[in-house]
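Using this note's numbering, read the sequence shown as starting at 22 and increasing by one per residue.
All residues carry an ideal CB built from backbone N, CA and C; glycine is no exception.
Input: a single structure, listed below in structure tokens.
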Amino acid sequence: MARFADWFGKNADAVIALILAIVVAVLGLGVNLPNETEITNSGILAVIGLLATSVLRDRGRRIPVEAEVRDTLRASSATLSELDAKLTHIEEFEGVLADTKRALDETTVVRVISGAQVAQVLAEARRDTDRWFFKGGTGTYIRARTLPECVAAARRERRTLLFRLEILDPTNVEVCEAYARHRRSVSEGPDATGEPWTLDRTRKEAYATILAACWHKQRFAMLDIDIGLAQTMTTLRYDLASSRVVVTRDDPRGEALVVDSAKFYYSWVSAELQTSLDQARRVPVEQARLAPLDDEPTVEEARKLFEVIGIDLAQGCTDRDVIEIIRKALRAKDPYE
């Protein structure tokens, strides 16, 4: 009963209008009642009044609802603004996290390896590489392993090979003497090749690298090789292949750094090596074709080669010295063995 009373209270105007509509309909069917016309008119006016009352009540109900909706929308707008600000902070935080992750990734890629691993890492770098940039002292390991093995692989696969070498200028006595002193200061006795470092040896090693480069160029036309002669010495050696760059020191037993090619430091080193090479004294390797070298070059052939490329041999260089240069060029000892 209480539920009916509550329902009737909410819908009284609609119920009364429905009853009056039924009464008016009955009158319209021809039921004879006194003052029928007046009753009908009064009923119609009552229905109209009830409808007006219903409309007014609905409007009255709608106003607080609309106000509540507006308040809700304002609150939602404020909430959305706060949410947008929070999302902005989240995006900034995600950016900081991404930068931090990238920095951590870059630092982990610079690997430190022991001297015992250097030869293996360099051997892996030589596999399938189409380029090699070197900057260092006299290029002993270049002659012993890197250049002949890379040329052999390129010849086997019938592809081009790019070589860029920057070594000490053998005609610059001061820089060669400084290098020899430095090598003796870090190791008093002979190195792994069994020879001590002297001015004479330093110059012969550099001459041998130049001779080896020209010798390989004459036998493999797809070898694009360029040599720069540095006027200052460096204590580091850079070996850059297509897959990685390896940074070592003069001691083959010491630690080395390895950076993969996908990391930004690799491109930095590549640009640095090219810039340094551009400033070095260039050896016109292309002129070496004017002084053909036999499979076992003679002293005369070697002297002729250095003459046509404009590199003066040391004053007082004997035939025995030239023979030693040829030996170092084609049968260099591996300093890592």
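Taking 8 Å as the cut-off, the Cβ atoms of T223 and Y200 count as close. Linking V306 to A234 through their CA atoms gives a straight-line distance of about 8 Å. Straight-line spacing of the CA atoms in R166 and T109 works out to 56 Å.
Approximately 5 Å separates the beta-carbon atoms of T230 and I188; this is inside 8 Å, confirming the contact.
Of the candidates A312, V279, Y228, K354, Y228 places its Cα closest to the Cα of V343. Contact check for A312 against L326 passes: the beta carbons are separated by less than 8 Å.
For the pair of segments examined, the segment 143 to 161 was found to touch the segment 253 to 262: the number of CB pairs separated by less than 8 Å reaches three. Collapsing the DSSP output to three states places V131 in coil. Beta-bridge analysis with DSSP links Y259 to K156, V268. The continuous stretches of alpha helix (DSSP H) do not include E216, and DSSP gives it neither H nor E. Restricting attention to beta strand (DSSP E) runs no shorter than 3 residues, the segment 148 to 198 encloses them at 152 to 156, 182 to 189, ordered along the chain.
For the pair V172 and L232, the CB atoms are not nearer than the 8 Å cut-off. Looking at the DSSP output, I347 bridges to nothing.
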